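Engineer:
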Amino acid sequence: MNPFSTRVVRTLGAVLLTVLAFSAPAGAQEATPPAAAKDETPRTFVLRIYGSPTIGTRLAGSLLEDFLKAEGWTDVRRLPAAEGSTYAVAGRAPGSEGIAGVHVGICDAASAFQAFEQGFADVVMSTRPVLPAEAARLSRFGDLTSAACEHPIALDALALIVNPVNPVNALSKAQLREIYLRQLVTWPEGGPAGAIHPFARGDESGATALFRAVIAGGTELPAQVERFPDDGAIAQAVARDARGIGLVALPFVGANRILAIAGGSPSDRPIVPGEAFIRSGEYPLSRKLFLYQAARPDNALAEKFVRFATGGVGQDIVARSGFLPLVPPLPATTPQPAPTPAPSLHPIPAEAAPTPRVPARPAPTRAPTAAPKAPAATPVPPVKPTPGRPRVTPVRPGEEPARSGSETGG
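According to my numbering, the sequence shown is numbered sequentially starting from 49.
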């Protein structure tokens, strides 16, 4: 069996485990009190989302919780399952007494698009754009590269991290390439003594694909580079290893240090993944995060969720999750002087009209006299500003879901 088939089988196997966990026969749940089973276990999945751990482990769950609440759901909560490879965001839909939920499957982008093709997924999460071969294979869902199907939801960057005790502050692209292709195996002068321990995501991850394209010249990473299933695991490994180095999405840096990356020529100054450099694309490992759906989705909640994620409330959640929203927040407005009152529309009577001021002739020179003392001004108490209300984009609660997902959760 080739690696791609193995990956698909593993993904579908995780789905099957979730199905069994969520739909076991009544006799298999005798040890669980009936009230707990009723309160905790979703029996219907109204939406199924598969894809990137970078998006799925934190951001997707936060978006889904607020999305379901905006749709009128109550008792919304997150329920992990299947050893962390999947979870559900569950609750009670409007007018329903039973527990339903959204099924979230964590896998690489290639497996997520495969699940989408086979009908297991309504929405795909990806840290890379859809590949031309994938778009061609899935063309019956519409043009996945079009605005109807491909929806950026956040800006991000791969941060180059090292242990806090590592004194190195920057690496060039050439050094980074040599480290990950195992051509440079010990730290440069000034770094920790001994071998470099490079950590990376799997070959099918969007992070590794971006690194190959931008840094490694399209070369596959060798087996000597230790692989991890997600960004959090890489950050933990670097935090434990004084000679470790890894690449993670910005929200997963943790207590590690971020190194600057330089192009290698004297004119290329080392830069870190700051917001300005990410938005301009100057930081070499900048990227977008995407949601994909069919151009005309069968499940109306898929389109609603995408609109929520790209709208004002969703973008606030993106920022709180540590990613950059698509549009930067507006700067604070500078107080403007009060406008000049418009001229009166009624004519002023002649007797009430002000007398024009005529410059007076200079007075003859006299001996100086003491100027009369001006009365003390009465202090004016400061005016307390009225606190402004935050600007919130209203979200209208939705109707009943147009289509319930499979009870197996895909």
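The beta carbon of each residue, even a glycine, is placed where N, CA and C say it ideally should be.
None of these values were measured; they are calculated from a predicted model.
1. So Ala157 is in the alpha helix (DSSP H); what residue range does that whole segment cover?
2. So does the stretch 248 to 265 actually touch the stretch 344 to 359, counting three or more Cβ pairs closer than 8 Å?
3. Going by CA-CA distance only, name the one from Ile227, Phe93, Leu339 that's closest to Ile147.
4. To which residues of the same chain is Phe189 closer than 6 Å at the C-beta, ignoring the five residues directly before and after it?
5. Below 8 Å on the Cβ atoms is my contact criterion, and I expect Thr175 with Gly254 to pass it. Report the Cβ-Cβ distance as a whole number of Å.
6. Is the distance from the Cβ of Ala118 to the Cβ of Ser220 below 9 Å?
7. Name the two residues that bound the continuous alpha helix (DSSP H) containing Arg327.
8. If we require 4 or more residues per run, which alpha helix (DSSP H) segments fall completely within the stretch 170 to 240?
9. Does the beta-carbon of Gln341, which I'm using as the reference point, lie nearer than 8 Å to any heavy atom of the ligand FAD?
10. Between Val213 and Gly99, is the Cβ-Cβ spacing less than 9 Å?
11. What residue range does the beta strand (DSSP E) around Thr153 cover?
12. Taking the alpha-carbon positions, what's the Val210 to Leu107 distance?
13. Is there contact here, the stretch 175 to 187 with the stretch 352 to 362, by at least three beta-carbon pairs under 8 Å?
14. Using the C-alpha atoms, what's the distance from Thr134 back to His199?
15. Considering only residues of the same chain and omitting the five flanking positions on each side of Pro377, which have a CB-CB separation below 7 Å?
16. Can you tell me whether Arg288 is buried or exposed, with buried defined as 16 or more other CB within 10 angstroms of its CB?
17. At which residue ranges does the stretch 101 to 145 contain complete alpha helix (DSSP H) runs of 4 or more residues, listed in the order of the chain?
18. Tell me which same chain residues have a C-beta within less than 6 Å of the C-beta of Pro177, skipping the five on either side of it?
19. Starting from Arg275, follow the alpha helix (DSSP H) in both directions and report where the run begins and ends.
20. Quick one: grab the DSSP three-state call for Val375.
21. If distances are taken between C-alpha atoms only, which option among Asp156, Ile97, Pro90, Leu186 comes closest to Ala141?
22. Check the DSSP bridge columns for Pro246 and list the partner residues they point to.
23. Considering only the beta carbon of each residue, do Ala207 and Ala297 sit closer than 9 Å?
24. Would you mind giving the Cβ-Cβ distance between Tyr228 and Pro246, rounded to the nearest angstrom? I have them listed as a contact below 8 Å.
25. What separation, rounded to the nearest whole angstrom, lies between the Cα atoms of Leu269 and Glu226?
26. Taking the alpha-carbon of Thr122 as reference, which of Glu113, Asp316, Ile282 has the nearest alpha-carbon?
27. With DSSP as the reference, identify every bridge partner of Ser334, one or two as the case may be.
28. Residues in its own chain within less than 6 Å of Gly153 by CB, not counting five upstream and five downstream?
29. Under a three-way DSSP split, which group does Ala348 fall into?
30. Report all residues from its chain with a CB closer than 6 Å to the CB of Phe115; omit the five preceding and five following residues, and keep chain order.
31. Taking only the alpha-carbon atoms, compute the straight-line gap between Glu274 and Leu232 and give it to the nearest angstrom.
32. Work out the CA separation of Asp191 and Ile365 for me, nearest whole Å.
33. Measuring CB to CB, does Asn217 end up less than 9 Å from Ala308?
34. Can you tell me whether Thr234 is buried or exposed? The criterion is at least 16 other CB atoms within 10 Å of its CB, across all chains shown.
35. Taking 6 Å as the limit between beta carbons, can you name the residues of its chain near Ala261, skipping five residues before and five after?
36. Go through its chain and collect everything with a Cβ distance to Gly242's Cβ below 8 Å, but skip five positions before and after it.
Structural biologist: Per the coordinate set shown:
1. Start and end: 157 to 165.
2. Fewer than three pairs of CB atoms, one per stretch, sit closer than 8 Å, so the stretch 248 to 265 makes no contact with the stretch 344 to 359.
3. Selected option, being the one with the closest Cα: Phe93.
4. Once the five neighbours on either side are set aside, the close Cβ partners of Phe189 are Ala342.
5. At roughly 3 Å, the Cβ-Cβ gap stays under 8 Å, so Thr175 and Gly254 are in contact.
6. Result no, Cβ atoms of Ala118 and Ser220 do not sit closer than 9 Å.
7. Arg327 -> alpha helix (DSSP H) spans 323 to 328.
8. 180 to 185, 221 to 228, all fully within the stretch 170 to 240.
9. No copy of the ligand FAD appears in this structure; indeed no ligand is present at all.
10. Not closer than 9 Å, so no.
11. For the record, residue 153 in the displayed sequence is Gly; it is not Thr. Its beta strand (DSSP E) spans residues 148 to 154.
12. Between the alpha carbons of Val210 and Leu107 lies a gap of roughly 24 Å.
13. Touching, no, given that fewer than three Cβ pairs across the two stretches are closer than 8 Å.
14. For His199 and Thr134, the distance between alpha carbons rounds to 23 Å.
15. Cβ neighbours of Pro377 within its own chain (closer than 7 Å, five residues either side excluded): none.
16. In summary, Arg288 is exposed, with fewer than 16 beta-carbon neighbours lying within 10 Å of its beta-carbon over all protein chains present.
17. 109 to 118, all fully within the stretch 101 to 145.
18. Hits under 6 Å: none found.
19. Membership of Arg275 in any alpha helix (DSSP H) is not indicated; the residue belongs instead to the beta strand (DSSP E) covering 274 to 276.
20. In the three-state DSSP reduction, Val375 falls in the coil class, being neither helix nor strand.
21. Among Asp156, Ile97, Pro90, Leu186, the Cα nearest to that of Ala141 is on Pro90.
22. Looking at the DSSP assignment, Pro246 forms a beta bridge with Ile293.
23. Ala207 is a Cβ neighbour of Ala297, given a cutoff of 9 Å.
24. The C-beta distance from Tyr228 to Pro246 rounds to 5 Å, short enough to meet the 8 Å contact threshold.
25. The straight-line gap from Cα to Cα measures roughly 11 Å.
26. The residue from Glu113, Asp316, Ile282 with its alpha-carbon nearest to that of Thr122 is Glu113.
27. Paired residue(s): Ala205.
28. Residues of the same chain with a CB within less than 6 Å of the CB of Gly153, apart from the 5 flanking positions on each side, are Tyr98, Thr134 in chain order.
29. In the structure shown, Ala348 sits in a helix (DSSP, three-state: H, G or I).
30. Cβ neighbours of Phe115 beyond the five flanking positions: Phe353, Phe356.
31. Using only the alpha carbons, I get a separation of about 15 Å.
32. The alpha-carbon atoms of Ile365 and Asp191 are separated by roughly 28 Å.
33. Cβ atoms of Asn217 and Ala308: closer than 9 Å.
34. Residue environment: Thr234 is assigned as exposed (fewer than 16 neighbouring CB atoms within 10 Å of its CB, all protein chains considered).
35. Cβ neighbours of Ala261 beyond the five flanking positions: none.
36. So the qualifying residues of the chain are Thr234, Trp235, Arg291.
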